[in-house]
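One structure is given below, encoded as structure tokens.
Residue numbers (this note's numbering): 84 to 245.
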């Protein structure tokens, strides 16, 4: 079994839990993340795999442009991985609806299935599920909380400043 390495990164959005199952970034979770993992006693604290990510997050959260070019280890169903891959192609400063995302992955009419895949995204921010909104423009569910979603979208200039 591959050891899980993890670290906690302090940010202005709270302390982020980051995980690596041996093949790349496998998780990025907010402190109150829905469906976030509990750190297991067998996990190893190791900041080394996350140094580049920490620098990129710091730059991003200062509002500067950044490309999260870090190895990812995305584990899920075929649909989930397909949706998570499509999420990475949504440009900064834009949003899409669940229906639009469903059409992008070749599944028009499957907005609910796509929404379920978005909800299971294990790598917040890097896989930018915060850029998906309701068909009517409302900010809908986000595992890190609607306030964080609003903060991220405002910072990216996808929403006007409050």
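Every residue gets a Cβ at the ideal spot worked out from N, C-alpha and C, and that includes glycine.
Identified DSSP bridge partners for residue 143: In DSSP, residue 143 forms no bridge with anything.
Give the single residue among 111, 106 and 89 whose Cα lies nearest to the Cα of residue 97. 111
Range of the contiguous alpha helix (DSSP H) that encloses residue 230: 229-238
May I have the straight-line CA-CA distance separating residue 117 from residue 105, to the nearest angstrom? 24 Å
Own chain residues within Cβ distance below 6 Å of residue 223, not counting five before or after: 217
For residue 187 and residue 88, the rounded distance between their alpha carbons: 34 Å
Hey, could you find the ends of the beta strand (DSSP E) residue 102 is sitting in? 99-103
Through-space distance from residue 173 to residue 159, alpha-carbon basis: 20 Å
What is the rounded straight-line gap between the Cα of residue 103 and the Cα of residue 221? 33 Å
Among 167, 225 and 95, the one whose alpha carbon lies nearest that of residue 143: 95
Does residue 218 get closer than 8 Å to chain D when you measure Cβ to Cβ? Any reference to chain D falls outside this structure, which holds one protein chain only.
Got a sec, what are the start and stop residues for the alpha helix (DSSP H) residue 161 sits in? 161-170
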